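A.B. asks: One structure coming up, written as structure tokens, with questions to follow.
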Amino acid sequence: MDKPYSQACENNKLPILEKIRPYLTEVMFVLEVGSGTGQHAACFATALPHLTRQCSDLAVNHAGILMWSEDSDARNLPAPLTLGLASTPWPVAEVPAIYTANTLHIVSETLVQAFFDEVRQHLTTGGLLMIYGPFNYNGQFTSPSNKDFDSFLRSRDPHSGIRNIEWICSLAT
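Each position in the sequence shown, counted from 1, maps to that position plus 15 in this note's numbering.
Structural data, given as structure tokens:
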């Protein structure tokens, strides 16, 4: 198997890291939901060696995540957990931080709601929830490319699509 690679992950890993780093100085553990290729996890674990970064995804993605983990030489990346948004309960207890990137637009609204139901069960009081991805604001696309991306997503799965940030924030409270 070839190591999976996403150009989008490569392009956005450092900008995301710089945005989240200030919030993680006191955090010792982050659960990543939907680790995908594992590129973000490998980069962030190397840059933030004080915290354990627990990857999770469907079992089919574990081999690729492990390849990125092994190549990073990070010692704070345990083996990924099997976790799908449709499967509950999540295989973790309470965690101080949860991170997910580019997941909420590729799943159904039902699974987005299931994600937040599980976040409420597993994120400690006062914990940190970090979400990265494309969002609409006040029902409007932020760019023509996001509108095109939304059309692409809905053509392959009519239940997916770019979400309104206001709805996401309402689910998070």
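Glycine residues also receive a C-beta, built at the ideal position from the N, C-alpha and C atoms.
Being a predicted model, the structure only gives us computed values, none of them experimental.
In its own chain, which residues sit with a C-beta less than 7 Å from the C-beta of Ala-187, not counting the 5 before and 5 after it?
C.D. replies: Excluding residues within five positions, the ones whose Cβ falls inside 7 Å are Phe-131, Leu-144.
A.B. asks: Hey, out of Pro-111, Ser-84, Gly-154, Val-75, whose CA is closest to Gly-99's CA?
C.D. replies: Closest option to Gly-99, Cα to Cα, is Val-75.
A.B. asks: Please list the terminal residues of the continuous alpha helix (DSSP H) segment that includes Phe-156.
C.D. replies: Run containing Phe-156: none; DSSP gives neither H nor E here.
A.B. asks: Taking contact to mean 3 or more Cβ pairs, one atom from each stretch, closer than 8 Å, check whether the stretch 116-124 and the stretch 159-179 are in contact.
C.D. replies: These segments touch.
A.B. asks: Please name the residue or residues paired with Gln-69 in a DSSP beta bridge.
C.D. replies: In the DSSP output, where bridge partners are listed per residue, Gln-69 has Leu-46.
A.B. asks: Would you call the stretch 133-152 and the stretch 56-71 touching, i.e. three or more CB-CB distances under 8 Å?
C.D. replies: No: the two stretches stay apart, fewer than three of their Cβ pairs being nearer than 8 Å.
A.B. asks: Please state the DSSP three-state secondary structure of Ala-208.
C.D. replies: With the chain covering only 16 through 188, there is no way to say anything about residue 208.
A.B. asks: Please report the Cβ distance between Val-48 and Thr-157, rounded to the nearest whole angstrom; I am assuming they are in contact, meaning their Cβ atoms lie under 8 Å.
C.D. replies: 23 Å between Cβ atoms; not a contact.
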